[in-house]
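Novice: Residue numbers (full-length UniProt numbering): 1 to 332. Heads up, the beta-carbon is just placed ideally off N, CA and C, and yes, glycines get one too. Model, not experiment: these values are computed from the prediction. Dumping the structure here so I can ask a few things about it.
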(Lines of atoms letter the chains of each structure in order from A and count residues from 1; the text may use other names and numbers.)
(Lines give C-alpha, C1' and ligand atoms only; values in the text may rest on other atoms or scores of the structure.)
Protein backbone atom coordinates (compact mmCIF):
# COMPACT_ATOMS: atom_id res chain seq x y z
CA UNK A 1 0.00 0.00 0.00
CA UNK A 2 1.34 3.37 -1.03
CA UNK A 3 0.54 6.61 0.77
CA UNK A 4 -0.03 8.30 -2.57
CA UNK A 5 -2.75 5.75 -3.39
CA UNK A 6 -4.53 6.60 -0.13
CA UNK A 7 -4.24 10.26 -1.01
CA UNK A 8 -5.69 9.56 -4.44
CA UNK A 9 -8.71 7.89 -2.80
CA UNK A 10 -9.39 10.98 -0.66
CA UNK A 11 -9.30 13.13 -3.81
CA UNK A 12 -11.67 10.82 -5.69
CA UNK A 13 -14.06 10.98 -2.72
CA UNK A 14 -13.96 14.76 -2.82
CA UNK A 15 -14.42 15.05 -6.59
CA UNK A 16 -16.92 12.23 -7.16
CA UNK A 17 -15.30 11.62 -10.52
CA UNK A 18 -12.16 9.86 -11.71
CA UNK A 19 -11.62 12.33 -14.54
CA UNK A 20 -12.00 15.40 -12.32
CA UNK A 21 -9.76 13.89 -9.61
CA UNK A 22 -7.13 13.02 -12.24
CA UNK A 23 -7.11 16.60 -13.54
CA UNK A 24 -6.84 17.96 -10.00
CA UNK A 25 -3.98 15.60 -9.20
CA UNK A 26 -2.19 16.31 -12.47
CA UNK A 27 -2.10 12.64 -13.55
CA UNK A 28 -3.85 10.62 -16.21
CA UNK A 29 -7.19 8.98 -15.51
CA UNK A 30 -5.59 5.66 -16.42
CA UNK A 31 -2.90 6.10 -13.72
CA UNK A 32 -5.59 6.95 -11.18
CA UNK A 33 -7.64 3.88 -12.12
CA UNK A 34 -4.56 1.69 -11.71
CA UNK A 35 -4.02 3.11 -8.22
CA UNK A 36 -7.59 2.24 -7.22
CA UNK A 37 -7.20 -1.24 -8.69
CA UNK A 38 -4.02 -1.79 -6.65
CA UNK A 39 -5.88 -1.02 -3.45
CA UNK A 40 -8.85 -3.20 -4.41
CA UNK A 41 -6.55 -6.12 -5.16
CA UNK A 42 -4.61 -5.65 -1.93
CA UNK A 43 -7.71 -5.59 0.28
CA UNK A 44 -9.88 -7.84 -1.92
CA UNK A 45 -12.89 -5.49 -1.76
CA UNK A 46 -14.42 -3.07 -4.27
CA UNK A 47 -13.83 0.53 -3.22
CA UNK A 48 -15.71 2.41 -5.94
CA UNK A 49 -19.11 1.97 -7.53
CA UNK A 50 -18.94 3.29 -11.07
CA UNK A 51 -22.03 5.11 -12.27
CA UNK A 52 -22.98 7.25 -15.20
CA UNK A 53 -21.37 10.62 -14.73
CA UNK A 54 -19.07 9.63 -11.91
CA UNK A 55 -18.24 7.25 -9.06
CA UNK A 56 -19.38 6.74 -5.48
CA UNK A 57 -17.62 5.07 -2.59
CA UNK A 58 -18.69 1.62 -1.54
CA UNK A 59 -19.04 1.05 2.24
CA UNK A 60 -15.50 -0.37 2.16
CA UNK A 61 -14.37 2.66 0.19
CA UNK A 62 -15.94 5.02 2.75
CA UNK A 63 -14.15 3.19 5.57
CA UNK A 64 -10.86 3.35 3.67
CA UNK A 65 -11.16 7.09 3.00
CA UNK A 66 -11.91 7.77 6.67
CA UNK A 67 -8.86 5.79 7.75
CA UNK A 68 -6.78 7.26 4.94
CA UNK A 69 -7.54 10.79 6.12
CA UNK A 70 -6.39 9.85 9.63
CA UNK A 71 -3.22 8.18 8.32
CA UNK A 72 -2.38 11.13 6.08
CA UNK A 73 -2.98 13.55 8.95
CA UNK A 74 -0.59 11.62 11.20
CA UNK A 75 1.96 11.46 8.40
CA UNK A 76 1.85 15.24 8.02
CA UNK A 77 2.15 15.67 11.79
CA UNK A 78 5.11 13.30 11.90
CA UNK A 79 6.86 15.18 9.09
CA UNK A 80 6.33 18.50 10.87
CA UNK A 81 7.61 17.05 14.15
CA UNK A 82 10.70 15.57 12.56
CA UNK A 83 11.29 18.78 10.63
CA UNK A 84 11.28 20.54 13.99
CA UNK A 85 14.03 18.23 15.22
CA UNK A 86 15.96 18.79 12.03
CA UNK A 87 15.58 22.53 12.49
CA UNK A 88 16.75 22.30 16.09
CA UNK A 89 19.78 20.37 14.92
CA UNK A 90 20.22 22.50 11.82
CA UNK A 91 23.61 23.49 10.54
CA UNK A 92 23.06 26.93 11.95
CA UNK A 93 24.68 28.48 15.01
CA UNK A 94 24.06 31.65 16.98
CA UNK A 95 27.03 32.47 19.15
CA UNK A 96 27.47 35.45 21.43
CA UNK A 97 30.81 37.14 22.07
CA UNK A 98 31.85 40.15 24.06
CA UNK A 99 32.09 43.38 22.09
CA UNK A 100 35.73 44.08 22.90
CA UNK A 101 37.02 40.72 21.69
CA UNK A 102 34.91 39.82 18.67
CA UNK A 103 37.47 41.12 16.19
CA UNK A 104 40.30 39.08 17.66
CA UNK A 105 38.67 35.79 18.61
CA UNK A 106 36.14 35.21 15.83
CA UNK A 107 38.51 34.94 12.82
CA UNK A 108 40.59 32.14 14.31
CA UNK A 109 37.57 30.17 15.53
CA UNK A 110 35.69 30.45 12.24
CA UNK A 111 38.75 29.51 10.21
CA UNK A 112 39.29 26.26 12.10
CA UNK A 113 35.62 25.32 12.50
CA UNK A 114 34.62 26.04 8.91
CA UNK A 115 37.50 23.93 7.63
CA UNK A 116 35.81 20.86 9.17
CA UNK A 117 32.16 21.92 8.93
CA UNK A 118 31.78 24.20 5.90
CA UNK A 119 28.05 23.52 5.64
CA UNK A 120 27.30 25.27 8.94
CA UNK A 121 26.04 28.83 8.96
CA UNK A 122 27.24 30.89 11.94
CA UNK A 123 25.79 34.13 13.23
CA UNK A 124 27.84 35.99 15.83
CA UNK A 125 26.06 38.39 18.19
CA UNK A 126 28.27 41.02 19.82
CA UNK A 127 27.21 42.45 23.17
CA UNK A 128 28.40 43.08 26.71
CA UNK A 129 28.64 40.11 29.08
CA UNK A 130 25.44 40.74 31.03
CA UNK A 131 23.40 41.01 27.84
CA UNK A 132 24.97 37.84 26.46
CA UNK A 133 24.02 35.92 29.59
CA UNK A 134 20.42 37.07 29.22
CA UNK A 135 20.31 36.03 25.57
CA UNK A 136 21.69 32.57 26.32
CA UNK A 137 19.10 32.02 29.07
CA UNK A 138 16.35 33.23 26.72
CA UNK A 139 17.40 30.71 24.07
CA UNK A 140 18.38 33.43 21.60
CA UNK A 141 21.97 32.12 21.54
CA UNK A 142 23.35 28.59 21.52
CA UNK A 143 26.10 29.76 23.85
CA UNK A 144 28.43 32.69 24.34
CA UNK A 145 32.15 33.33 24.68
CA UNK A 146 32.87 35.73 27.52
CA UNK A 147 35.36 36.51 30.29
CA UNK A 148 34.90 35.36 33.85
CA UNK A 149 33.05 35.84 36.07
CA UNK A 150 29.78 34.35 34.86
CA UNK A 151 27.19 36.06 37.00
CA UNK A 152 24.10 33.90 36.46
CA UNK A 153 24.07 30.70 38.55
CA UNK A 154 21.88 29.13 35.86
CA UNK A 155 24.71 29.07 33.35
CA UNK A 156 27.45 26.47 33.12
CA UNK A 157 30.91 27.54 32.01
CA UNK A 158 33.83 25.75 30.41
CA UNK A 159 37.26 27.34 30.19
CA UNK A 160 38.31 28.24 26.68
CA UNK A 161 41.53 30.19 27.11
CA UNK A 162 43.34 32.55 29.44
CA UNK A 163 45.08 35.58 27.98
CA UNK A 164 47.82 37.64 29.54
CA UNK A 165 47.29 41.34 30.17
CA UNK A 166 50.28 43.51 29.31
CA UNK A 167 51.22 47.07 30.14
CA UNK A 168 51.60 49.06 26.91
CA UNK A 169 53.47 52.33 26.54
CA UNK A 170 54.30 54.47 23.53
CA UNK A 171 57.70 53.53 22.13
CA UNK A 172 58.85 57.14 22.64
CA UNK A 173 57.93 57.24 26.34
CA UNK A 174 60.88 58.13 28.67
CA UNK A 175 60.07 55.10 30.81
CA UNK A 176 61.07 52.84 27.92
CA UNK A 177 64.63 54.14 27.82
CA UNK A 178 64.95 53.67 31.57
CA UNK A 179 63.36 50.21 31.65
CA UNK A 180 63.89 48.03 28.56
CA UNK A 181 61.05 45.57 27.78
CA UNK A 182 60.86 43.02 30.54
CA UNK A 183 58.73 41.94 33.45
CA UNK A 184 57.95 44.93 35.65
CA UNK A 185 57.93 44.73 39.42
CA UNK A 186 55.45 46.49 41.67
CA UNK A 187 57.99 49.21 42.38
CA UNK A 188 58.66 49.84 38.70
CA UNK A 189 54.96 49.92 37.82
CA UNK A 190 54.31 52.40 40.63
CA UNK A 191 56.55 54.91 38.85
CA UNK A 192 53.72 55.39 36.34
CA UNK A 193 51.11 56.49 38.87
CA UNK A 194 50.95 60.05 37.51
CA UNK A 195 50.55 58.95 33.91
CA UNK A 196 47.32 59.21 31.95
CA UNK A 197 45.82 55.72 31.80
CA UNK A 198 43.55 54.80 28.90
CA UNK A 199 40.92 52.19 29.72
CA UNK A 200 37.81 50.72 28.17
CA UNK A 201 34.43 51.58 29.71
CA UNK A 202 34.61 51.38 33.51
CA UNK A 203 31.70 48.97 33.98
CA UNK A 204 33.26 46.40 31.64
CA UNK A 205 35.11 43.33 32.89
CA UNK A 206 38.38 44.15 31.14
CA UNK A 207 38.44 47.64 32.62
CA UNK A 208 37.69 46.11 36.01
CA UNK A 209 40.75 43.87 35.76
CA UNK A 210 42.92 46.82 34.71
CA UNK A 211 41.67 49.07 37.51
CA UNK A 212 42.30 46.26 39.99
CA UNK A 213 45.90 46.07 38.80
CA UNK A 214 46.34 49.81 39.37
CA UNK A 215 44.34 49.73 42.58
CA UNK A 216 46.78 47.25 44.10
CA UNK A 217 49.41 50.00 43.83
CA UNK A 218 47.79 53.38 43.20
CA UNK A 219 44.48 54.85 42.03
CA UNK A 220 44.96 56.28 38.52
CA UNK A 221 45.00 60.08 38.67
CA UNK A 222 44.12 60.70 35.03
CA UNK A 223 41.83 58.43 33.03
CA UNK A 224 40.65 58.43 29.43
CA UNK A 225 37.71 56.10 28.94
CA UNK A 226 37.02 54.71 25.47
CA UNK A 227 34.78 52.00 23.97
CA UNK A 228 37.07 49.83 21.88
CA UNK A 229 40.39 48.06 22.23
CA UNK A 230 41.40 49.29 18.78
CA UNK A 231 40.99 52.90 19.94
CA UNK A 232 42.89 52.14 23.14
CA UNK A 233 45.75 50.67 21.13
CA UNK A 234 45.80 53.60 18.69
CA UNK A 235 45.84 56.20 21.47
CA UNK A 236 48.79 54.53 23.17
CA UNK A 237 50.65 54.31 19.85
CA UNK A 238 50.02 58.05 19.35
CA UNK A 239 51.57 58.86 22.76
CA UNK A 240 48.25 59.93 24.30
CA UNK A 241 48.74 57.83 27.42
CA UNK A 242 49.56 54.37 28.72
CA UNK A 243 47.30 51.42 29.34
CA UNK A 244 46.77 47.71 29.74
CA UNK A 245 46.00 45.63 26.68
CA UNK A 246 45.24 41.93 26.18
CA UNK A 247 48.05 39.98 24.57
CA UNK A 248 45.58 39.19 21.79
CA UNK A 249 45.81 42.79 20.63
CA UNK A 250 49.58 43.02 20.20
CA UNK A 251 50.76 43.41 16.62
CA UNK A 252 54.31 42.20 16.15
CA UNK A 253 55.02 44.80 13.47
CA UNK A 254 54.31 47.61 15.98
CA UNK A 255 56.49 46.35 18.83
CA UNK A 256 59.45 48.64 19.49
CA UNK A 257 58.26 51.06 16.81
CA UNK A 258 54.90 52.30 18.04
CA UNK A 259 54.41 50.59 21.37
CA UNK A 260 56.41 48.67 23.95
CA UNK A 261 54.82 45.97 26.08
CA UNK A 262 55.74 44.80 29.55
CA UNK A 263 54.67 41.78 31.53
CA UNK A 264 53.65 42.34 35.14
CA UNK A 265 56.00 40.20 37.16
CA UNK A 266 54.30 40.28 40.56
CA UNK A 267 50.69 40.10 39.40
CA UNK A 268 48.41 37.42 38.02
CA UNK A 269 47.48 39.74 35.17
CA UNK A 270 45.25 37.48 33.13
CA UNK A 271 41.70 37.30 31.92
CA UNK A 272 40.07 33.90 31.53
CA UNK A 273 37.47 33.32 28.82
CA UNK A 274 34.81 30.63 28.99
CA UNK A 275 32.03 29.17 26.90
CA UNK A 276 28.84 29.80 28.85
CA UNK A 277 25.63 27.95 28.07
CA UNK A 278 22.33 26.99 29.60
CA UNK A 279 22.61 23.34 30.77
CA UNK A 280 18.80 23.11 30.77
CA UNK A 281 18.87 23.31 26.96
CA UNK A 282 20.20 20.43 24.91
CA UNK A 283 23.14 21.28 22.69
CA UNK A 284 22.61 20.86 18.97
CA UNK A 285 25.14 18.74 17.14
CA UNK A 286 26.54 21.86 15.47
CA UNK A 287 26.98 23.62 18.82
CA UNK A 288 28.70 20.60 20.35
CA UNK A 289 31.01 20.38 17.34
CA UNK A 290 31.91 24.06 17.56
CA UNK A 291 32.69 23.81 21.28
CA UNK A 292 34.83 20.75 20.62
CA UNK A 293 36.80 22.52 17.89
CA UNK A 294 37.23 25.67 20.01
CA UNK A 295 38.41 23.81 23.10
CA UNK A 296 40.74 21.68 21.01
CA UNK A 297 42.16 24.80 19.35
CA UNK A 298 42.94 26.49 22.65
CA UNK A 299 43.84 23.36 24.62
CA UNK A 300 46.82 24.04 26.85
CA UNK A 301 47.05 27.69 25.84
CA UNK A 302 47.27 30.19 28.66
CA UNK A 303 47.97 33.23 26.53
CA UNK A 304 45.73 32.80 23.48
CA UNK A 305 47.45 34.72 20.72
CA UNK A 306 49.62 36.17 23.48
CA UNK A 307 52.18 33.75 22.12
CA UNK A 308 52.65 36.49 19.53
CA UNK A 309 53.71 38.87 22.29
CA UNK A 310 55.91 36.19 23.82
CA UNK A 311 57.78 35.77 20.55
CA UNK A 312 58.15 39.49 19.94
CA UNK A 313 59.12 40.41 23.49
CA UNK A 314 61.58 37.91 25.02
CA UNK A 315 60.34 38.06 28.59
CA UNK A 316 60.36 35.44 31.35
CA UNK A 317 57.24 33.30 31.48
CA UNK A 318 54.68 34.53 34.02
CA UNK A 319 53.30 32.31 36.73
CA UNK A 320 50.25 30.26 35.75
CA UNK A 321 46.81 31.30 37.08
CA UNK A 322 45.25 29.03 39.70
CA UNK A 323 43.16 26.14 38.42
CA UNK A 324 40.17 27.53 40.30
CA UNK A 325 39.82 30.11 37.51
CA UNK A 326 38.77 27.39 35.13
CA UNK A 327 35.18 27.41 36.42
CA UNK A 328 34.62 24.43 34.21
CA UNK A 329 31.67 22.17 33.89
CA UNK A 330 32.76 18.86 32.34
CA UNK A 331 30.88 18.10 29.20
CA UNK A 332 29.67 21.63 28.46
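Mind checking whether residue 91 and residue 286 have CB atoms under 7 Å apart?
Specialist: Position 91 of the chain shown holds residue 91. Position 286 of the chain shown holds residue 286. Their beta carbons are under 7 Å apart, which means residue 91 touches residue 286 by this criterion.
Novice: Could you please give the first and the last residue of the uninterrupted beta strand (DSSP E) stretch that includes residue 162?
Specialist: Looking up residue 162 in the chain shown gives position 162. From DSSP, the beta strand (DSSP E) with residue 162 extends over 156–170.
Novice: Report yes or no: do the stretch 172–179 and the stretch 123–142 share at least 3 C-beta pairs separated by less than 8 Å?
Specialist: The stretch 172–179 is not in contact with the stretch 123–142.
Novice: On the DSSP bridge assignment, give the partners of residue 225 in chain order.
Specialist: Within the chain shown, the letter at position 225 stands for residue 225. The partner list for residue 225 (beta bridge, DSSP) reads 199.
Novice: Looking only at C-alpha atoms, which of 163, 23 and 2 sits nearest to residue 209?
Specialist: The sequence position of residue 209 within the chain shown is 209, counting from 1. That would be 163, whose Cα lies nearest to the Cα of residue 209.
Novice: What residue ranges within the UniProt domain "HTH lysR-type" (1–58) form continuous beta strand (DSSP E) runs of no fewer than 3 residues, ordered along the chain?
Specialist: Qualifying beta strand (DSSP E) stretches, in chain order: 48–51 and 54–57.
Novice: Please classify residue 279: is it buried, with 16 or more other beta-carbons within 10 angstroms of its beta-carbon, or exposed?
Specialist: Within the chain shown, numbered from 1, the residue matching residue 279 stands at position 279. When all chains shown are included, residue 279 counts as exposed.
Novice: Helix, strand or coil: which one does DSSP assign to residue 125?
Specialist: For the purposes of this step, residue 125 is identified with residue 125 of the chain shown, where counting begins at 1. The answer is strand: DSSP assigns residue 125 an E or B state.
Novice: Measuring alpha carbon to alpha carbon, tell me which of 178, 48, 235 and 201 ends up nearest residue 191.
Specialist: Against the chain shown, residue 191 aligns to sequence position 191. The shortest Cα separation from residue 191 among 178, 48, 235 and 201 belongs to 178.
Novice: To the nearest angstrom, how far is the alpha carbon of residue 138 from that of residue 108?
Specialist: Stepping through the chain shown from its first residue, residue 138 is reached at position 138. Stepping through the chain shown from its first residue, residue 108 is reached at position 108. The straight-line gap from Cα to Cα measures roughly 27 Å.
Novice: Measuring alpha carbon to alpha carbon, tell me which residue in 213, 222, 18 and 197 is nearest residue 365.
Specialist: In the structure as shown, the chain begins at 1 and stops at 332. Residue 365 is therefore absent and cannot be evaluated.
Novice: Short check: CB of residue 213 to CB of residue 269, under 7 Å?
Specialist: Along the chain shown, read from residue 1 onward, the residue named residue 213 stands at position 213. Along the chain shown, read from residue 1 onward, the residue named residue 269 stands at position 269. Against a cut-off of 7 Å, the Cβ pair of residue 269 and residue 213 comes out as a contact.
Novice: If you draw a straight line from the alpha carbon of residue 70 to that of residue 57, how long is it in whole angstroms?
Specialist: The sequence position of residue 70 within the chain shown is 70, counting from 1. The sequence position of residue 57 within the chain shown is 57, counting from 1. Their Cα atoms are separated by approximately 17 Å.
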